[in-house]
Amino acid sequence: MEFDKVVRKRKSSNQFSGKKVSWKDVLEAIDLANQGPFAGNHNNLHFLIVEELNTIKDLANCCEQSWISNSNILIVVCSDDTHLEDLYGERGRIYSRQQAGAAIQTLLLALTDLGISSCWVGAYTDEFVKQKLKIPQHINIEAIIPVGYEKKMPGDEKKKKKELESVLYWEEWKNSRRATLFEESKEDYNPPSQ
Ligand SMILES: Cc1cc2nc3c(=O)[nH]c(=O)nc-3n(C[C@H](O)[C@H](O)[C@H](O)COP(=O)(O)O)c2cc1C
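Counting in this note's numbering, the sequence shown runs from 50 upward without gaps.
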């Protein structure tokens, strides 16, 4: 699918048809999510795949979102701040969150491109998930991504997003207008060679 179509098609789904998603497709999507970017190219992420149905049920209960148990595969995206924090201090912890977010978005887009529906789930009790999946204390759970094939429901069209103009500033905070004065000459400007 063309990139813009994938981006616009992606949406959160919590209604799955029951048709099973292949772990091979999930690996393909994770492989893409694993391509970065990463600060200093230090990849701090881990992807934990859960296929065991009883574990999926327990995690659905933990999230208090019963629809999750209709998924046959969950991807638990985890991050480890340790190395980034050693390298970049407090900023490293921020990088860790950012890298996880970037990877999660790539993951959602890759799944969309494969025709697989998904949802970024952020509501869970970290301690429960860590205990259930034997995740060490120092690891962050960044998201749980249940996957499935879409069950079309009336009225579940893609949610409307903010208009571009309402999120856009030019040159200065809150300035919504692009200066048009000398616009053409600026675009044609070629710096003189030394
Ligand atoms: C950080 C984060 C946490 C989220 N947690 C949940 C969640 O726990 N359960 C859920 O159903 N959706 C969750 N979502 C999905 C949002 O509800 C969804 O992205 C939003 O409604 C916009 O819809 P769209 O993804 O279809 O564009 C989460 C999304 C993000 C980015």
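Each residue gets a CB set at the ideal place from its N, CA and C atoms; glycine is no exception.
Under the three-state reduction of DSSP output, Ala82 falls in the helix class. Short of 7 Å from the beta carbon of Lys68, and not among the five residues preceding or following it, lie these beta carbons of its own chain, in chain order: Tyr198.
Of all C-beta pairs linking the region 178 to 195 to the region 134 to 151, three or more are shorter than 8 Å, placing the two stretches in contact. In the structure shown, the three-state DSSP call for Leu163 is coil. For the pair Cys111 and Val126, the Cα-to-Cα distance works out to about 16 Å. Distances taken from the Cβ of Lys210 to the heavy atoms of ligand 1 include one shorter than 8 Å. Our two residues, Glu214 and Ala159, have alpha carbons roughly 28 Å apart in a direct line.
Around Arg142, the same chain offers Asp130, Leu133, Glu134 as residues with beta carbons nearer than 8 Å, after the five sequence neighbours per side are excluded.
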